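Here is the structure we will look at.
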Amino acid sequence: MTNHWVDIKNADVILIMGGNAAEAHPCGFKWVTEAKAHRKARLMVVDPRFTRSAAMADLYAPIRVGSDIAFLGGVINYLISHDKLQMEYIKAHTNAPFIVGEGYSLKDGIFSGYDAEKRKYDPASWGYELDKDGFAKVDPTLENPRCVFQILKQHYARYTPELVSKICGTPVDTFKKVCELAASTATPTRNMTIMYALGWTHHSQGSEIIRTGAILQLLLGNIGVAGGGMNALRGHSNIQGLTDLGLLSTSLPGYLQLPKDSDVKYDDYMTRLTPKPLRPNSTNYWGNYPKFHVSLMKAWYGKAATKENNWAFDYLPRYDSGYDIIKTFDLMYDGKINGYICQGFNPLSSFPDTHKISAALQKLKFLVIIDPLATETSNFWQNHGEHNDVKTEDIKTEVFRLPSTCFAEEEGSLTNSSRWLQWHYKGAEPPGEAKGDPEIIGELFTRIRALYAKEGGVFPEPIRDLTWTYKIPTSPSPEELAQEYNGRALDDIVDPKKKDTILAKKGELLGTFAHLRDDGTTSAGCWVYTGAYTEKGNMMARRDNSDPYGLGQTLNWAFAWPVNRRVLYNRASSDAAGKPWDPKRKLVFWNGEKNVGSDVPDYRPDAAPEEGVGAFILTAEGVARLFAPTGMAEGPLPEHYEPFESPLKVNHLNPGHADAFNNPAARMFKKDRAKLGKPEQFPYAATSYGMTEHFHGWTKHLKGNAIIQPEQFVEVGDELAKEKGIANGDRVKVSSARGHIEAVAVVTKRLRALDCGDTKVHQIGLPNHWGFMGLAKKGFSVNTLSPSVGDANTQTPEYKAFTVNIEKA
Amino acid sequence: MEMNRRQFFKTCSAGLGGSSLVMLGFSPLAAQAETRQFKLARTTETRNTCPYCSVGCGIIMHSLGDKAKNATSEIIHIEGDPDHPVNRGTLCPKGAGLLDFVKSPSRLKFPEVREAGSNEWKRISWDEALDRVAKHMKADRDANFTAKNAKGDTVNRWITTGMLAASASSNEAGYLTGKVMRSLGMLVFDNQARV
Amino acid sequence: MSSLQSLDIKRRSATTLPSTQARETLEVAKLIDVSKCIGCKACQVACSEWNDIRGDIGTNVGVYDNPADLGPKTWTVMRYSEVEEKKGEEMAFEWLIRKDGCMHCAEPGCLKACPSPGAILQYSNGIVDFIEENCIGCGYCVAGCPFNVPRISKQDSKAYKCTLCSDRVAVGLEPACVKTCPTGAITFGSKEDMIDHAAERVVDLKERGYANAGLYNPAGVGGTHVMYVLKHADKPEIYHGLPKDPQISATVGLWKGVMKPLAMLAMGLTALTGFFHYVKVGPNDAEAHPDEPEDGNGPHVIRSSGPGQMEGKGNVNPGEQA
Amino acid sequence: MKPLIQRYSDSDRINHWIVAIAFVLAGLSGLAMFHPAFFSLTGLFGGGAWTRTLHPYIGIVMFTAFVSMAKRFWKHNVMVPVDYEWLKLLPDVLTNREDRLPKIGKYNAGQKLLFWMLVVALPTLFVTGLIFWRAWFAEYFPIPVIRLAALLHAVAAATLITGILVHIYAAIWIKWTVGAMIRGSVTHKWAKAHHPLWYREVTGQPATPPGQE
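Residue numbers (our numbering), protein chains in the order written: chain A, 1 to 809; chain B, 1001 to 1195; chain C, 2001 to 2322; chain D, 3001 to 3213.
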């Protein structure tokens, strides 16, 4: 989240789209009801279903699954055509004035630089026009036809209300009401917050949907302000933490990246990942990449990482491509993966195309499960009739199931959506012989290291040299690990501006990542977390919940990364001159000497307004990127494309170009593309999601939750049900090109048929909480139906938009 | 309670006896009416965070005993932490049911292995389980480690064994897992952020 | 009599004498603001977790209402209704979700109907509580309650319902469902505070187009210690059958009201009349009349209306008649 | 030893006393649950819960036994014109001036009315009792029906008890009547005095009521 949970109470308008906060984050949703009760805020929900969030909304708009970019593009069109823009904010804090190079173009939904075979773009043509010093040219008057603002206007001129209504199926008048309510926050004294979750990420153009939301918020001046922001409501208690710690295929901790094959030399890697500022006044904080990287390598390899061996650069694996879960299980399906470790994860239920996942798992030589619960994946080799029809004797996988502790039996920190690292304590002994995760990993690693020491083996150096200074080698303690990722001074750190002052003495825990060095004199396992465990103690365990400014800024509760900033880009809560947009909701402003306020400035504290330092310190531009020349796989501006399985036969935005029907840059393997359903056999749009009573597949193992939602069901609109002769409570069979499931039908008025031009689109809801294990009634994995195709940038599977057929069972 | 045959006869004899007793003034005292005793009166409180969604609600776990050595601290109740600035003591239907997670009959208790082709779990010791896994991993790494790519550049990667890390494990466990798996050269490595 | 001093008893079931009246304690109330309720069932789970009760894992019959009804191990349950109602000028689709459970009436129908002394207590703070040790499992409370809340367990034939967490309130804590409610739809405090809070909420709801928003605190049962804020207070029945003007049914009123003294009187007077009649008129003894000639020597006719009785079979025990 | 006339057969009497005993037990347990003053009567049945458990079963015994009794006695209880005459002379009945009463058969009008009251009350008790028998049947009935059943049950029970009190008193008041139901036989005098037509019927003697010649 750019802001945080409690800050939602400061909002005047709340848009919940691509998420269902009332059901998936009820205690966070409290702050929506607080905003409604105490600020007269208005809640609007845009969702294919009338969810329990919609039950609380002042305005609900139905939408066809997968057409979010068209909807948001339409709102942007409305803002521009009705001049409902916060122009001062746009000029001060966005790259609207930047001038784009001539090479850029968009025709029939395809941007310049597209290679049709490789389904890849070369972003070179999207770059800014640079001056002789390498800085981007700007036109403060915003008149230049190739400045970002004009290109944006031109781009979204096509998203007229009528076309949006035809693509999304949302009635025009309802759509206009959403636009008016959003437009009402174009003034400095009214802010809108957007709360989204997997409803936006689970698409083949998920990242671009989120960028469209960000553009919308920037045009309204709602980023970096109290009650504003782009707020991703993360799914798991520590999904934010593990993302920050770089537990993703090509990542390193702190959003650093692993080297590629093409980074043959250390300098290639460094130059590729250390950006140059695009404006003279841009902080361009990523320019400190070497400090973070070297500190990481010192934390991991200690003395073995020296300047001479480029800080143990070759100890890091280089990647030829990402190994996301769709690619992984495709390789596994082809027998190219021998071993797999599932720690607290249930792929058989949560990955797309369950039959393919099951077939892939059967090819494994060994599978290791580390989990507190008995999951479906651990029993993938058992035949459970229609719910898991496999031949046990033919499956040769050796499966190890290791019992781990649950939250109550372990100590450590979790990072929530608001980037708060919160420490928790152990309250009970684990059942039986269960062990904590650090102990299991510690035991495993020390044995592997011992085997390499005894028997030798291939490239043992990184295993031998990995720092392991834990008092109990087989069971590293949470404090030791927290101190390691926080980072230490390996030598006295001197203040570059004032040579006599020592910022941190040798051996001390560092207080901020500003003290990190690229000369090997500092270590930090995860630079964004520096400041979590300092000489002043465990900041994550702080419990002072005082809120001195009444804006919900509880800076002394736990620790928020980066350096306890609670609202990111909070300098943008003031104008160019440093004066707050809204005097009643001040975040960070210039008080004549310093940038101060109710939050730790996301900005150089002593940067005076005259210096014109941009408020977005991590971008090379120094300001927010309406137009993104780099970073996105499918284009600098979000464009609407259909999901890979769409009930429509044509993309009404770009009917002319075959490649522009769905995301031209999304990767899909041949065998998965062959299993895409056509509207003729599978006419109904479907989306899979979670209910408030259950947490994914965990809580079906819990009696309390099994009672309140005992049996698998699908939600069917009453019009479609009448057509198909399905009565409420009947058993129905839902099938896609990849398989079928059976469940009870909940016939409801909360799912309406949508008119998308000449096609009437029915939508079906598929909650995914059941399986062949647990206390609740046995059920099917809903992902038996979902397609194996992911977002072009993150490869997050398209769980939220595919097509199915339905009939009485 | 419903009458069955054995109870019927027992009743008749008791009824006769009982009524005669009543006549002699020995009527059973009206039971002491009492609301339920407050069950948290002497429990130990431990602060924790709900493991489910990313609101990160604060919870208080009440466990038996006062941490005396001989008393195993069993959790008997979990409630919201009123001091936590986000949930202020509230919990959603999942958080409010956390006790059933700690107590779930599906909790795994012992390391088990399913041998190739077998159709049942076999309980094994931690040592055996970890040794066999370590051997599997080393064997696969040694067999399939890619030191150089087709062009001959150093890549040092191992892509034939992968891992999915738990998004409910702590930052400390996550950091250690990341550090260990990268030291082995693992690229097939993800967590729930991917889905 | 309850051993918890802080919960003084105002009224005991099946007890003709008044309970202790000396102390005046704070009257508490739980306010359920349906307009803020997201139907997440956290209150159901918190209630079952606090009270250590778990209903059965049922089936889905096509609705979200799980469990389908209150039960001996389900003391509160969410009821879902999909309706079209007026909002401002035009009709709008609404998903009304109401937390059902004991209303803790000021005039509790259950307590009035209960035949067992001390099985149902009304404390001076307004809580109506079932004391299961004294419950005889007759089910009268089910008949007495205007909201159909009490449930009799098939397992132990005891009556169960929401206790408004009398054990927590007794030590000064708020009920478990109140504490856990994520959106603060359920609030707890003095009845006075809750009425004020409800008034604030009604103002906000009226501004959002719900002209008939109001507080549901039915006078028919003397007001309740569980109150609702409803967007459509003029039509409570659309909230899955919330009674419009609940009160103790006339039939129960009769049965547990006038019938009792009337019946006692009838039986008492009959017995007394008989006794004094006997005192006055004395026995009617045919044997006291003088003998008649036919008396002594008539034939021994032993014949009765019963079948199979053989004539003349003397079965009279001579000693009997003397 | 005076000669006797058979008034009730053995099975009549057994049947009657089964109903009577069941009535007492059902009555006491019913009253225990009807009025708080009587709640201590639950002690006779081993406590409140046992009282609630046993009452319906006892009620069923009473009802079934009464059905067979009704089959036996209903013919003698059909109202005839002379009964209404008898009723008009109630003051004479109550002051033992039987001589002024018309000649009546096996049962007088009071007894007949009681019989028909029972024929109404007991089935009502049975049906309404089943309806709100919480353990087995109550769940199948809507609550308003249960409320009505409870009320009718109370009304029928009160009527029944009052009626039986009169019945018991009458049996004590008219001497030797209890003996008639216990041993089954009455003396000639008793029969002639109280039930002359019945007397004539069983003995073939013209019955001249005592004190009238």
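Ideal placement from N, C-alpha and C gives every residue a C-beta, glycine not left out. On a predicted model such as this, the values are computed, not experimentally measured, just so you know.
TODO: Please determine, among C:Val2252, C:Lys2030, C:Leu2262, the residue with the shortest C-alpha to C-alpha distance to leucine 2111 (chain C).
DONE: C:Val2252
Open item on the list: By alpha-carbon positions, which one of A:Val596, A:Arg566, A:Ile80 ends up nearest to proline 580 (chain A)?
Closed with: A:Val596
- [ ] Would you kindly work out how many angstroms separate the C-alpha atoms of methionine 257 (chain A) and isoleucine 370 (chain A), rounded to a whole number?
- [x] It is worth fixing the name first, because residue 257 (chain A) is glutamine in this sequence and not methionine. For glutamine 257 (chain A) and isoleucine 370 (chain A), the distance between alpha carbons rounds to 27 Å.
Open item on the list: In the DSSP output, what is glutamate 2085 (chain C) paired with across the bridge?
Closed with: C:Ala2092
- [ ] Would you kindly work out how many angstroms separate the C-alpha atoms of lysine 2158 (chain C) and glutamate 715 (chain A), rounded to a whole number?
- [x] 38 Å
Open item on the list: I'd like to confirm something about tyrosine 3084 (chain D): is its beta-carbon nearer than 6 Å to some heavy atom of the ligand ZN, or not?
Closed with: Looking for the ligand ZN in the displayed structure turns up nothing, as the structure carries no ligands at all.
Open item on the list: The alpha helix (DSSP H) that contains valine 2202 (chain C), what's its start and end?
Closed with: Taken as a continuous stretch (DSSP letters only), the alpha helix (DSSP H) holding valine 2202 (chain C) covers 2191 to 2207.
Open item on the list: For a cutoff of 7 Å on Cβ pairs, would you count tryptophan 2095 (chain C) as touching chain A?
Closed with: Closer than 7 Å to the CB of tryptophan 2095 (chain C) there is at least one CB belonging to chain A.
Task: Where aspartate 58 (chain A) meets chain C, residues with beta-carbon distance less than 7 Å - done: Arg2208
Task: Cβ pair count under 8 Å reaching 3, the stretch 3082 to 3099 of chain D against the stretch 3118 to 3129 of chain D - done: Because the criterion of three Cβ pairs below 8 Å is not met, the stretch 3082 to 3099 of chain D and the stretch 3118 to 3129 of chain D do not touch.
Open item on the list: Using DSSP's beta-bridge definition, name the partner residues of histidine 1062 (chain B).
Closed with: Here histidine 1062 (chain B) is bridged, per DSSP, to B:Glu1045, B:His1077.
Task: Between the CA atoms of histidine 202 (chain A) and asparagine 793 (chain A) - distance to the nearest angstrom - done: 12 Å
- [ ] Could you confirm whether any beta carbon from chain C is found closer than 7 Å to the beta carbon of proline 1028 (chain B)?
- [x] With a pLDDT of 44 at proline 1028 (chain B), under the threshold of 50, the predicted position of this residue should be treated as unreliable, though the coordinate-derived value follows. Closer than 7 Å: no.
TODO: Compare the Cα-Cα distances from glycine 254 (chain A) to each of A:Val528, A:Leu587, A:Arg565 and report the closest residue.
DONE: Among A:Val528, A:Leu587, A:Arg565, the Cα nearest to that of glycine 254 (chain A) is on A:Val528.
Open item on the list: Closer than 8 Å is the cut-off here; do at least three beta carbon pairs connect the stretch 1058 to 1077 of chain B with the stretch 1042 to 1050 of chain B?
Closed with: Touching, yes, given that three or more Cβ pairs across the two stretches are closer than 8 Å.
TODO: Starting from methionine 773 (chain A), find everything on chain B with Cβ-Cβ shorter than 9 Å and list it in chain order.
DONE: Result: Ser1106.
- [ ] For the beta strand (DSSP E) containing glycine 2228 (chain C), list its first residue and its last residue.
- [x] Glycine is not the amino acid found at residue 2228 (chain C); the sequence shown has tyrosine there. Its beta strand (DSSP E) spans residues 2226 to 2230.
Task: Exposure of methionine 1186 (chain B), with buried meaning 16 or more beta-carbon neighbours within 10 Å - done: buried
Open item on the list: Less than 6 Å between C-beta atoms, sequence neighbours within five positions excluded: which residues of the same chain meet that for glycine 3059 (chain D)?
Closed with: Ala3026, Gly3129
TODO: Output, in chain order, the set of chain C residues within a Cβ distance shorter than 7 Å of glutamate 1079 (chain B).
DONE: Lys2179
Open item on the list: Among C:Ala2250, C:Asp2056, C:Pro2182, C:Leu2262, whose alpha-carbon lies nearest the alpha-carbon of valine 1086 (chain B)?
Closed with: C:Pro2182
TODO: Note down, in chain order, all residues in the stretch 1156 to 1178 of chain B with a beta-carbon under 8 Å from any beta-carbon belonging to chain A.
DONE: Within the stretch 1156 to 1178 of chain B, the residues whose Cβ lies closer than 8 Å to some Cβ of chain A are Asn1156, Arg1157, Trp1158, Ile1159, Thr1160, Thr1161, Gly1162, Met1163, Leu1164, Ala1165, Ala1166, Ser1167, Ala1168, Ser1169, Ser1170, Asn1171, Glu1172, Ala1173, Gly1174, Tyr1175, Leu1176, Thr1177, Gly1178, listed in chain order.
Open item on the list: Going by DSSP, what residue range makes up the alpha helix (DSSP H) through proline 2236 (chain C)?
Closed with: Careful: proline 2236 (chain C) lies outside any alpha helix (DSSP H) and carries neither H nor E.
TODO: Note down, in chain order, all residues in the stretch 376 to 400 of chain A with a beta-carbon under 9 Å from any beta-carbon belonging to chain B.
DONE: Ser378, Asn379, Trp381, Gln382, Asn383, Thr392, Glu393, Asp394, Ile395, Lys396, Thr397, Glu398, Val399, Phe400
Task: Interface positions of the stretch 745 to 758 of chain A facing chain C (Cβ-Cβ less than 7 Å), listed along the chain - done: Ala745, Val746, Val747, Thr748, Lys749, Arg750
Open item on the list: When you compare the CB of glycine 1097 (chain B) with every CB in chain C, is at least one pair closer than 7 Å?
Closed with: yes
Open item on the list: Less than 7 Å between the C-beta atoms of tyrosine 569 (chain A) and glycine 227 (chain A), yes or no?
Closed with: Cβ atoms of tyrosine 569 (chain A) and glycine 227 (chain A): not closer than 7 Å.
- [ ] In the DSSP assignment, find the beta strand (DSSP E) that holds proline 767 (chain A) and state where it starts and stops.
- [x] In the DSSP assignment, proline 767 (chain A) falls within the beta strand (DSSP E) that extends over 763 to 767.
Task: Identity of the residues DSSP links to tyrosine 2064 (chain C) by a beta bridge - done: Tyrosine 2064 (chain C) is not bridged to any residue.
Open item on the list: Need the endpoints of the alpha helix (DSSP H) that glycine 1162 (chain B) sits in, please.
Closed with: Where glycine 1162 (chain B) is concerned, there is no enclosing alpha helix (DSSP H), although the beta strand (DSSP E) it sits in stretches over 1161 to 1165.
Task: Min CB distance threonine 2015 (chain C) to chain A below 7 Å - done: no
Open item on the list: For tyrosine 2278 (chain C), count the other beta carbons within 10 Å of its own beta carbon; 16 or more makes it buried, fewer makes it exposed. Which is it?
Closed with: With a threshold of 16 other beta carbon atoms within 10 Å, tyrosine 2278 (chain C) falls short and is exposed.
- [ ] Just the C-alpha distance for methionine 2227 (chain C) and histidine 2240 (chain C), rounded to the nearest angstrom, thanks.
- [x] 16 Å
Task: Cross-strand partners of methionine 1186 (chain B) (DSSP beta bridge) - done: B:Trp1158
Open item on the list: Measuring only the C-alpha atoms, how far is threonine 803 (chain A) from serine 781 (chain A)?
Closed with: Approximately 16 Å between the Cα atoms of the pair.
Task: proline 1093 (chain B) at chain C interface by Cβ criterion, 7 Å - done: yes
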